[in-house]
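Here's the structure we're looking at; comments come further down.
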Amino acid sequence: MRDRLIETVLFGALLVLAFVIARSGSAYLAQTLFNAALAILLAIGWNVIGGFTGYVSFGQVSFFGLGAYIAALATMRLALPWPAAIAAAALGAVMLALPLGLIMLRLSGIFFALGMFGLARILQISASAMRVTGGPMGMSFDAAEDPRVCAAVMLLAAAAALAGTRLMLRTRFGLRLLAIRDDAVAASAAGVRVWSVKVLAFCLSAALAAVGGALYAWNLGYLDPSSAFNGTIELQSVLMVTAGGIGTVWGPLVGGALISVLSTLLWARFPMEQQIVLGALTMLIAVAMPGGAMAALARAGVLRRPPIWAPPPSVTAEPAPPPPAPDRRAPVLRCSGLGIRFGGVVAVKAVDLVAYPAEMLAIIGPNGAGKSTLFNLISAFARPATGQITFDGKRLPRLRPERLARSGIARTFQTSRLFASLTVWETVLLAALSLHRNRRKARGEAARILAEVGLLAQWREVPEALPPGRQRLLEIARALALRPKVLLLDEAMAGMSAEEIARVHAALRHAMAGGCAVVAIEHVLPAIAPLAARVQVLDFGATIAEGHPHAVLNDPAVITAYLGVELEDAAGAAA
Amino acid sequence: MLTVITLALLGLLWGGVYLLMATGLNLIYGVMKVVNLAHGDFIVLGGLLAFSLFAEAGLNPLAAFPIAALVLFGIGAGVQFGLLERITAAGSEGELRSLLATFGLSYVVANASFLVWGSQFQSVPFLEGAVQAGPIAIPAGLLAASLAAFAATLLIHLWLTTTITGKSLHATAQSALGAASCGIDVRRVRLLAFALGSAMAGGAGALVITLIPFQTSTGGELTVHAFTLIALGGLGNYAGAWLAAELLGLTEVFAQFYLGSNAAAAVIYIVFIAVLVVRPQGLLGQAGRV
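One line per chain: the protein sequences are A and Y, in this order. If you're matching positions, the first sequence starts at 1 in the working numbering and goes up one per residue. If you're matching positions, the second sequence starts at 1 in the working numbering and goes up one per residue.
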């Protein structure tokens, strides 16, 4: 509550102050404010893709320049009024970002960053080569009449962008964005459509940069390729975001205010050395204060990201599980002949697997037997070379993991994959939102599952604050929130206390009573033996035994696989 | 037909220069898993040093080549020791932070060069005649620069593959943890790799400035050039890098001739993006994704 108040007061005061100065101050002051607000707007745009989505870009200036040219040309050639020209710029940027995002977001890390840098250079070269843009010499057009009006509009745009990102983080879109940044694989396992969320964020970032560019053109009345696609703009955005705090709402504002003041002062005193100082500052921040100013504020407990929604005050207990399907012995999942090889290693060869509703199949086997790879094949994180999967009576087409997660095959991972910056509540809510469009329903469902595994009291915690056993419990809760027909547990109970295991058992029993089939990989058989109806043993990528737990554990082939063969026996067998 | 053959020869020769430019970056990336975004600015710095050595002391570019390399070796060692070694975070955060650090570094180097040499284009005249091979004329300067670049790359490659120090670089590139557990001082290896990679940039710069004029802002373009090469060749893949350098040399020369220099620059970027999208693992390599 206190944070909300601080935020609102801060925001309001800034806006009023800036607005008053812009309306009644000198033209010079208005221009300085314009520059600062422009830089902040661009930093906010950069932060959407570089901070919230985790795709550092060295070419967001492409959209700035594009927006500037589109707006300028729209007013010159089409005689559009400036507001329409600005909208056209945003639209144009989105129209480029949409196909581009589909291609470029396949790249990761440095490849994306440099690919975007290349794009900015291509656009700059194109603008120099075209006649309509005035070539390398640029073009002049009618600028805004009053720089103070310009500054006021710019301030409004920056403020709107700030409020917009703050609001965005409190929606399901923002939640998904943060999840993808933290761990895209886990996000898709939670049913998030990773691809479309990323592309949308890219378009949003592009639109913000384009609006900045359009306003820049309106303010200046002149445009040339080397200033429209100027690398310094990029440097400033990157520096502002990192100085303020990457991936935070207020980071671009805090960093933007600091850096634009500094950069204006530098420009006035040491124009030649300005970029050296800014570059050195970027180095310093990368080495010494990676979280930026916001990290210091967050340590002081101020301006933390508020949780997205909150659990409903009372949790409605799950109604009695729906009556199980009439023929519960019809398999819900059937894999036949699944196989894959990595180089010369056959990780899984021709494995058959059948899972029935409302019962558990345990998969055991020594290290490297291919258990986790088998799960990756079933959950579409890897593509099987041979064999086929039938799910719910239909042959499973090749799907993205998130489609599969939404349609009823949920999984956990061998080493916990949780979202570092999402709370317990948000983690489960994320998965529940993949299933329920209705916000009230999703909240109720997430709260119910958290209550079931006994984590509801800790709903505000981030995973880091939980002991390892609870982290695994949270991962199971996330999978259960997808209401799976088949639940794949990859050593989910490793490292759990007896009490936590009991909670998992209760939750699994509940899910199975509702008809869910559980396939569980375990090393510690006693952890699941009480629940498992059948056990399947893998060794060297193939099934070596299958059946009732007790029978399987006494199977000589299984004992050999786990314990090896005594030398005399081996010699005897050979002779 | 004669034109095509001449252009092809020129392209292949340019490939040698590109190879030297990219091998340094490749070495750095291989050992440190860090991309030096200031690599292009190091190349420009090497070139401008050669320019000053020529203008002030009348030094031949081939003599300036080792001097530029040596100076950049020192700068590279300083950057590694004072900057990159201080970034201790692992994984994607470490990658992000070293990326930002070298991004800042690139501005520092480019603008410091700007203070010293100004913004005008500089070049060094060198062997202005042509070597006549039958009906084909090859610029002597390009031939010399290309041969020097090939020789330097070959020497470095031999050093990497035959000496113990070279092998410890290789080992660290494959697994830093494994190398450390074999008693290799990984910090020293990283220092050596970064310094050596920078030296190769400096040397390449001293050669390239005899072929194309440099401006302090050329660096970003050269970084992308070098990066295109290792993306095309596959990160850490030497045969692939050579093939990529030749291909890029050919592409550039033909695009320059038939489309003009502006379009040629755009063609390189388009090739770069296309390579990343179509074959992110490079021509010969596997798994080039970071």
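Every residue, glycine too, gets a C-beta built ideally from N, C-alpha and C.
Check, Outcome
"Check whether the Cβ atoms of residue 293 (chain A) and residue 254 (chain A) sit closer than 8 Å, and answer yes or no.", "yes"
"Taking 8 Å as the CB-CB limit, is residue 279 (chain A) close to chain Y?", "yes"
"Using 8 Å as the limit for Cβ to Cβ distance, is residue 96 (chain Y) near chain D?", "The chain inventory of the structure shown lacks chain D, comprising the protein chains A and Y."
"Of the choices Y:240, Y:244, Y:109, Y:123, whose alpha-carbon is the least far from that of residue 38 (chain Y)?", "Y:109"
"What residues match up with residue 490 (chain A) in a beta bridge as DSSP calls it?", "A:521"
"Counting pairs of beta carbons, one from the stretch 95-110 of chain Y and one from the stretch 173-186 of chain Y, are three or more of them closer than 8 Å?", "no"
"In this structure, what does DSSP give as the bridge partners for residue 346 (chain A)?", "A:341"
"Is the CB of residue 212 (chain Y) under 8 Å away from at least one CB in chain A?", "no"
"Which ranges does the alpha helix (DSSP H) cover as unbroken runs of at least 4 residues, wholly within the stretch 6-79 of chain A, from first to last along the chain?", "27-47, 61-77"
"Distance, Cα to Cα, residue 239 (chain A) vs residue 151 (chain Y)?", "41 Å"
"Suppose you measure from the CA of residue 28 (chain Y) to the CA of residue 133 (chain A); what does that come to, to the nearest Å?", "40 Å"
"Kindly indicate if chain Y contains any beta-carbon less than 8 Å away from that of residue 287 (chain A).", "yes"
"What number of angstroms, rounded off, separates the C-alpha of residue 22 (chain A) from the C-alpha of residue 87 (chain Y)?", "42 Å"
"So what does DSSP say about residue 306 (chain A), is it helix, strand or coil?", "coil"
"DSSP on residue 390 (chain A), reduced to helix/strand/coil?", "strand"
"Output needed for residue 445 (chain A): all residues of its chain with C-beta closer than 7 Å, excluding positions within five of it in sequence on either side, in chain order.", "432, 436, 481"
"I believe residue 204 (chain Y) touches residue 46 (chain Y) by the beta-carbon criterion, under 8 Å. Please report the beta-carbon distance rounded to the nearest angstrom.", "7 Å"
"Along the beta strand (DSSP E) that carries residue 543 (chain A), what are the first and last residues, could you check?", "542-547"
"Looking at the structure shown, is residue 174 (chain Y) part of a helix, part of a strand, or coil, going by DSSP?", "helix"
"Compute the Euclidean distance between the alpha carbons of residue 231 (chain Y) and residue 554 (chain A), then round it to the nearest angstrom.", "54 Å"
"Using a Cβ-Cβ cut-off of less than 9 Å, give me the residues of the stretch 101-112 of chain Y that come near chain A, in sequence order.", "101, 102, 103, 104, 105, 106, 107, 108, 109, 110, 111, 112"
"Given this structure, state the Cα-to-Cα distance separating residue 262 (chain Y) from residue 342 (chain A), to the nearest angstrom.", "45 Å"
"Starting from residue 269 (chain Y), find everything on chain A with Cβ-Cβ shorter than 7 Å and list it in chain order.", "118, 121, 122"
"Is residue 253 (chain Y) near the ligand NAP - that is, is its Cβ less than 7 Å away from at least one heavy atom of it?", "No copy of the ligand NAP appears in this structure; indeed no ligand is present at all."
"Could you have a look at residue 142 (chain A) and say whether DSSP puts it in helix, strand or coil?", "coil"
"From the beta carbon of residue 273 (chain Y), is the nearest beta carbon of chain A less than 8 Å away?", "yes"
"To the nearest angstrom, report how far apart residue 53 (chain Y) and residue 276 (chain A) are at their CA atoms.", "24 Å"
"Tell me whether residue 548 (chain A) is buried or exposed, calling it buried when 16 or more other Cβ atoms sit within 10 Å of its Cβ.", "exposed"
"Determine which residues of the stretch 468-498 of chain A have a Cβ less than 9 Å from any Cβ of chain Y, and write them out in chain order.", "none"
"What would DSSP say about residue 443 (chain A), mapped onto helix, strand or coil?", "helix"
"Just reading off the beta strand (DSSP E) that residue 538 (chain A) is part of, what are its end residues?", "532-539"
"Under a three-way DSSP split, which group does residue 124 (chain A) fall into?", "helix"
"Would residue 420 (chain A) be called buried (16 or more neighbouring beta carbons within 10 Å of its own) or exposed?", "exposed"
"Following the continuous alpha helix (DSSP H) through residue 61 (chain Y), name the residue where it begins and the one where it ends.", "61-82"
"Using a C-beta to C-beta distance shorter than 9 Å, which residues of chain A count as neighbours of residue 221 (chain Y)?", "121"
"Keeping to the same chain, check which residues put their C-beta closer than 8 Å to that of residue 271 (chain Y); ignore five residues upstream and five downstream.", "228, 232, 248, 251"
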